[in-house]
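If you're matching positions, the sequence shown starts at 16 in our numbering and goes up one per residue. Virtual Cβ for every residue (Gly too), placed ideally from N, Cα, C. Treat the numbers as computed from the prediction; the structure is a model and nothing was measured. Here the structure is laid out as structure tokens; the discussion comes afterwards.
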Amino acid sequence: MSTLADFRDLLDDAPREPQGNGRAGRIALIVFLVVTFLVLGSAGGYVWWASSAALPAPTVTSQTPIASAGPAASIALPAEGEMLMSVEGGEDYLGPDAAGAFASTGGNDARPIASIAKLITALVVLDAHPLDGPGDPGPTIAFTEADTDLYDQFYVQDAVIASMPDGLKMSLHDSLATMLIPSAANYAVANARWAFGSEGAYVQAARSWLSANGLNDTRIVDATGIDERNTSTPSDLVALGRIAAANPVVAAIVQTPSIAVRGPGVVTNTNDLLGTLGITGMKTGNLGDGTFNLLFTSTLDVGIGAPLEVTGVRMSGATHDSTDEDVARLLRSLRDGFHDVTLGVAGDDIGTISTPWGSRASLVLAKNAALRTWSDTPVTVNLDTSTPQNYAEGEVVGTVTWTAGPQTTASEVQIKGEIEEPTLWWRLTHPTELG
Numbered sequence: 016m017s018t019l020a021d022f023r024d025l026l027d028d029a030p031r032e033p034q035g036n037g038r039a040g041r042i043a044l045i046v047f048l049v050v051t052f053l054v055l056g057s058a059g060g061y062v063w064w065a066s067s068a069a070l071p072a073p074t075v076t077s078q079t080p081i082a083s084a085g086p087a088a089s090i091a092l093p094a095e096g097e098m099l100m101s102v103e104g105g106e107d108y109l110g111p112d113a114a115g116a117f118a119s120t121g122g123n124d125a126r127p128i129a130s131i132a133k134l135i136t137a138l139v140v141l142d143a144h145p146l147d148g149p150g151d152p153g154p155t156i157a158f159t160e161a162d163t164d165l166y167d168q169f170y171v172q173d174a175v176i177a178s179m180p181d182g183l184k185m186s187l188h189d190s191l192a193t194m195l196i197p198s199a200a201n202y203a204v205a206n207a208r209w210a211f212g213s214e215g216a217y218v219q220a221a222r223s224w225l226s227a228n229g230l231n232d233t234r235i236v237d238a239t240g241i242d243e244r245n246t247s248t249p250s251d252l253v254a255l256g257r258i259a260a261a262n263p264v265v266a267a268i269v270q271t272p273s274i275a276v277r278g279p280g281v282v283t284n285t286n287d288l289l290g291t292l293g294i295t296g297m298k299t300g301n302l303g304d305g306t307f308n309l310l311f312t313s314t315l316d317v318g319i320g321a322p323l324e325v326t327g328v329r330m331s332g333a334t335h336d337s338t339d340e341d342v343a344r345l346l347r348s349l350r351d352g353f354h355d356v357t358l359g360v361a362g363d364d365i366g367t368i369s370t371p372w373g374s375r376a377s378l379v380l381a382k383n384a385a386l387r388t389w390s391d392t393p394v395t396v397n398l399d400t401s402t403p404q405n406y407a408e409g410e411v412v413g414t415v416t417w418t419a420g421p422q423t424t425a426s427e428v429q430i431k432g433e434i435e436e437p438t439l440w441w442r443l444t445h446p447t448e449l450g
């Protein structure tokens, strides 16, 4: 319509026919007007086409983010002596062998176990005289004069003992607690005599029990562990720890810091690590400097959901305190091996959108991303994108997924910035790029 209006304007403004030129002048005027109309009509059509022609699609480029694994874990094992740790519940992180020997040092030879033998005494006695759970006191033991004499017998040997007044009667539960918590040697022998008639009969029962439970590298010669011929290997002791932890009565007793019982009064646990680093037991033992042992269990929270169930043993520790520190250092190193790895931050650029006319926008992560991983577990990254529909700010155009071990997290990819329309001048001057 604008072209027709221009034509009418031309008619109005056209030179008037010369008075003396006649027919030739009229022909010249008509030719001029026709040419002018064609030129203007063609220009108007081009402008209309250029202003409405399809634009070329923007170019989208992206790159998969790089994710670095965390630092390698360093499991703290002592330079001397023996240690073995087994971990259950974290196989997806630690590997399928973690429930066996996840970390160890010093070999697997048999060595004196000292008072850890009392743990076997408790299990063998309960196998013959089971209690109905931790709250069941069980039968009453009436200690004899021979049992009372054990106090003096072990006193002169400088063994750990607990008071046993003449005529004392005590529940089986409390008698076992007095044996295990303060590690009283006189109660160990008294319990063995009560359950099997004599300490010798107990030893035979203990050996049968060990064989039945596959603890073939463990040797028992008495109920107390004072004799250095009571020996076992780290692997057998870890297996023993699992058996003890599965016994509700023993498991409840060994995680008790102290208890008041009739006769001895208040007795205190020799395991100073109870409650530290999730430690729930289990038994100390030593025959002097350089022979300190600790069989331990821990429910260790490392931030991956359910806590890890750790069973381990430290043998041949230099002192009581150093043995405790060796165990604590080991558990801390296991816990600290789990860490959060930052993978991306909201707004991180992972690509661009560009147009021939110079308008640009970014592809960015929509949210922060992190994973809880073990040690230097590799992180795999997958970028999945789709063609934008509107090229608008905030439009979701893909997903980044990170995986490390059993853990996976993801973030949407969205457009940041607006894609502006080209100017009319750009359209008019770039006809070959229009659709």
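So the candidates are the options; which of them puts its Cα closest to the Cα of residue i?
i      : options                        : result
ASP355 : ARG277, THR388, ARG347, LEU378 : THR388
PRO93  : THR357, ASN284, ASP339         : ASP339
ILE258 : THR136, ALA425, LEU443, ALA125 : THR136
ASP316 : LEU346, THR163, VAL236         : LEU346
ARG126 : PHE307, ASN405, ALA384, GLY60  : PHE307
SER426 : THR120, LEU138, GLY320, GLY359 : GLY359
LEU134 : ALA260, LYS184, ARG208         : ALA260
ASN301 : HIS335, THR402, TYR166         : HIS335
THR299 : THR239, ALA91, PHE117          : THR239
GLY373 : ASN405, ASP363, ASN397, ARG442 : ARG442
MET297 : SER190, ASP304, GLY303, LEU309 : LEU309
ASP399 : ALA113, VAL411, VAL415         : VAL415
ARG350 : GLY318, ASP142, MET185, TYR170 : GLY318
PRO272 : SER401, VAL253, ALA192         : ALA192
ALA361 : VAL140, GLY293, ASN123, VAL379 : VAL379
ASP124 : ASP112, GLU106, GLU97          : GLU97
GLN270 : VAL276, GLY293, ALA58          : GLY293
ILE81  : GLY320, SER348, VAL396         : VAL396
So, helix, strand or coil for residue i, using DSSP?
i      : result
PHE59  : Here the sequence assigns Gly to residue 59, which means Phe is not the residue at that position. If DSSP states are grouped into helix, strand and coil, GLY59 belongs with the helices.
GLU435 : coil
ILE128 : coil
ARG442 : helix
GLN168 : helix
ILE176 : coil
THR136 : helix
ILE90  : coil
ILE156 : strand
VAL411 : strand
LEU53  : Any reading at LEU53 needs caution, since the residue's pLDDT is 49, under 50, leaving its predicted position unreliable; the model's value is listed next. Helix.
THR306 : coil
ILE294 : strand
GLY85  : coil
VAL317 : coil
SER401 : coil
ASP251 : helix
VAL342 : helix
THR79  : coil
ASP142 : helix
GLY256 : helix
GLU448 : helix
THR1   : Not covered by the structure: residue 1. The range shown for the chain is 16 to 450.
ASP147 : coil
ASP364 : strand
DSSP has residue i in a bridge; who is on the other side?
i      : result
HIS354 : THR388
ILE430 : LEU378
TRP417 : VAL396, THR424
VAL276 : GLY280
GLY327 : MET100, PHE311
ALA118 : MET100
VAL264 : Its beta-bridge partners do not exist; DSSP assigns none.
GLY332 : PHE307
GLY182 : The partner list for GLY182 (beta bridge, DSSP) is empty, contrary to what the question assumes.
Are residue i and residue j closer than 8 Å when you measure CB to CB?
i      : j      : result
PRO73  : ILE365 : no
MET179 : PHE158 : yes
VAL102 : LEU323 : yes
SER198 : THR291 : no
PRO393 : ALA419 : yes
ASP162 : ALA205 : yes
VAL428 : ALA381 : yes
LEU109 : PRO249 : no
GLY256 : THR326 : yes
ALA116 : ILE90  : no
PRO421 : PRO263 : no
ILE131 : LEU195 : no
VAL328 : LEU252 : yes
ALA143 : ALA266 : no
Confirm the yes/no value for this check: CB of residue i, any heavy atom of the ligand SAM, distance under 7 Å.
i      : result
GLY432 : Among the ligands in the structure shown, none appear at all, so the ligand SAM cannot be discussed.
In chain order, what are the residue ranges of uninterrupted alpha helix (DSSP H) at least 4 long that sit wholly in the region 185 to 242? 187 to 195, 200 to 211, 214 to 227
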